[in-house]
Amino acid sequence: MQTKFRFRHVNGEYRWVLVYANPLFDPDFSGYIGSMIDIDEQERAQKATRTLLKKRDEFLGIASHELKTPITSMKASLQILEKLSETNFDPTKIRPFIAMANKQVRKLTEIVDDLLDVTRIQSGKMQINCAVYNFQDSVQDCINEITQYTTKHKLVIGKNVPAQVYADRTRIEQVMVNLLSNAIKYSPNRDEVVINITKTHNNLKFSVTDFGIGIAKDKQAHIFDRFFRVHESSQNFSGLGLGLYISSEIISRHKGKMGMDSEEGKGSTFWFSLPIGTLKQHA
Ligand code: ADP
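Numbering that gives the first Met the number 0 applies: residue 0 is where the sequence shown begins, and numbers increase by one.
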């Protein structure tokens with residue numbers, strides 16, 4: 000006979016054990032002889048593997064869906080353009096379909112870039128190339144980029160302290176664009192997002208506040224984890240749950256900090272800070 004069960008150790012801890020037992024006859028039945036093996040580590044490892052495989056399958060499902068949506072839309076635009084090209088078409092008629100196809104290519108590029116970044120982070124190959132630059136100009140560049148794609152939201156700058164920073168401009172802009180686009184995406188019924196740039200002795204802090212759906216307290220601890228999406232909101236908004244994970248890695252590579260404050264139904268503030276003490280040294 001063989002069975003496994005959880006066994007309460009003398010220290011109160013529960014551990015999995017595998018028990019083998021054979022009946023002893025001498026000549027009548029006189030008990031069992033067998034062994035008890037501690038298999039707690041194997042059980043935990045198997046459980047972790049099952050959880051990981053489940054997460055991987057969930058991710059593959061989401062990723063395929065996220066890739067399929069722009070491909071389908073691009074295919075539709077190209078089919079219409081193909082039909083139009085067979086007629087004596089008015090050139091102004093094709094522009095919206097070209098714009099739509101370009102938008103979808105941009106979406107696909109963003110997804111693939113995020114996936115490549117995760118691979119780079121995992122293999123320790125994410126490059127950070129620092130230089131001194133004007134932080135306010137860089138914030139303005141991000142605002143200009145985002146406003147091209149949003150018609151509804153106004154991006155308002157509150158506090159705006161001038162600063163030179165020593166950092167990887169492209170990577171820090173990637174973080175800011177991620178925070179700004181999340182603020183817009185997760186506040187569909189509001190039209191304002193507020194940006195603040197402040198300085199506290201050794202740090203420069205950039206924060207983005209939205210007045211959108213917010214994040215429940217019990218979900219906040221996982222918000223910077225890879226593949227994490229708040230379940231309740233993930234059905235209504237597209238995304239792979241990689242942006243904040245990549246952003247927090249970029250900030251930690253700059254020896255900075257990243258955090259958030261949020262109230263469900265009221266909105267969120269996402270922020271990061273960069274140490275300007277060390278930045279000045281390099282400058
Ligand atoms: P994505 O938006 O692609 O899912 P992110 O890593 O950028 O991935 O964000 C992870 C999750 O955090 C999102 O799925 C969403 O549930 C939550 N989240 C991020 N930013 C906000 C925000 N400003 N307001 C509410 N929820 C947010």
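Quick reminder that beta carbons are idealized off the backbone N, C-alpha and C, glycines included. Model, not experiment: these values are computed from the prediction.
Residue span of the alpha helix (DSSP H) that contains Val188, given as start and end: Residue mapping note: residue 188 aligns to position 189 of the sequence shown, counting from 1. For clarity, residue 188 is Asn in the given sequence; the question names Val instead. Counting along the chain, Asn188 falls outside any alpha helix (DSSP H), and DSSP gives it neither H nor E.
Threshold first: 4 residues or longer. Then list the alpha helix (DSSP H) segments lying entirely within the stretch 227-266, N to C. 230-233, 242-252
Could you check where the beta strand (DSSP E) with Gln163 kicks off and where it finishes? On the sequence shown, residue 163 is found 164 positions in, with the first residue counted as 1. It spans 163-166 - the beta strand (DSSP E) in which Gln163 sits, taken as one unbroken run.
Which stretch, first to last residue, makes up the alpha helix (DSSP H) that contains Gln41? Taking the first residue of the sequence shown as position 1, residue 41 is located at position 42. Counting along the chain, the alpha helix (DSSP H) containing Gln41 begins and ends at 39-84.
Note down, one range per segment and in chain order, each beta strand (DSSP E) of at least 3 residues found wholly within the stretch 99-177. 130-133, 153-159, 163-166
DSSP state of Pro26, grouped into three classes? Translated into positions along the sequence shown, residue 26 becomes position 27. Of the three classes helix, strand and coil, the one that applies to Pro26 here is coil, per DSSP.
Opposite Ser34 in the DSSP bridges: which residues? Within the sequence shown, numbered from 1, the residue matching residue 34 stands at position 35. According to DSSP, which records beta bridges pairwise, Ser34 is partnered with Tyr19.
For Arg5, the residue or residues it bridges with in DSSP: Numbered from 1 along the sequence shown, position 6 holds the residue referred to as residue 5. Its beta-bridge partners are Trp15.
Proximity winner among Ile212, Gly242, Phe205, relative to Gly255 (alpha-carbon distances): Position 256 of the sequence shown holds residue 255. Taking only the C-alpha atoms, the option nearest Gly255 is Phe205.
The beta strand (DSSP E) that contains Lys204, what's its start and end? Here residue 204 refers to the residue found at position 205 of the sequence shown. That run of the beta strand (DSSP E) goes 202-209.
Tell me which same chain residues have a C-beta within less than 6 Å of the C-beta of Ile250, skipping the five on either side of it? In the sequence shown, counting from the first residue as 1, residue 250 sits at position 251. Here the set comprises Met257, Phe271.
Heavy atom of ligand 1 within 6 Å of Asp190 beta-carbon: By 1-based counting over the sequence shown, the position of residue 190 is 191. No; taking the cut-off as 6 Å, the Cβ of Asp190 has no heavy atom of ligand 1 nearer than that.
Short Cβ contact (7 Å threshold) for Arg168 with Ser137: The sequence position of residue 168 within the sequence shown is 169, counting from 1. The sequence position of residue 137 within the sequence shown is 138, counting from 1. Contact: yes.
Determine the DSSP secondary structure at Ile196, reduced to helix, strand or coil. Here residue 196 is taken as the residue at index 197 of the sequence shown, counted from 1. Residue state, collapsed to three classes: strand.
Nearest residue (CA-CA) to Glu262, options Ile212, His200, Ala75, Arg49: Stepping through the sequence shown from its first residue, residue 262 is reached at position 263. Considering only alpha carbons, the answer is Ile212.
Measuring only from the beta carbon, is Val174 closer than 6 Å to any heavy atom that is part of ligand 1? Within the sequence shown, the letter at position 175 stands for residue 174. No, the beta carbon of Val174 sits no closer than 6 Å to any heavy atom of ligand 1.
With a threshold of 7 Å on Cβ separation, who are the neighbours of Pro69 within its own chain once the five nearest residues in sequence on each side are excluded? Along the sequence shown, read from residue 1 onward, the residue named residue 69 stands at position 70. Here the set comprises Gln103, Lys106, Leu107.
Find the nearest neighbour of Val117 within the set Met259, Gly266, Ile245, Phe269, judged by alpha-carbon distance. The residue given as residue 117 occupies position 118 in the sequence shown. Selected option, being the one with the closest Cα: Ile245.
Within 10 Å of its beta-carbon, does Asp113 have 16 or more other beta-carbons around it, so buried, or fewer, so exposed? If you number the sequence shown from 1, residue 113 lands on position 114. Buried.
Those residues which DSSP pairs with Leu179 across a bridge: Numbered from its first residue, the sequence shown carries residue 179 at position 180. Answer by DSSP bridge pairing: none, since Leu179 is not bridged.
Hey, is Asn181's beta-carbon within less than 7 Å of any beta-carbon in chain B? The structure shown contains no chain B; it holds only a single protein chain.
Consider the C-beta atom of Leu203 and the heavy atoms of ligand 1; say whether any pair is separated by less than 6 Å. On the sequence shown, residue 203 is found 204 positions in, with the first residue counted as 1. Because no heavy atom of ligand 1 lies under 6 Å away, the Cβ of Leu203 does not count as near it: no.
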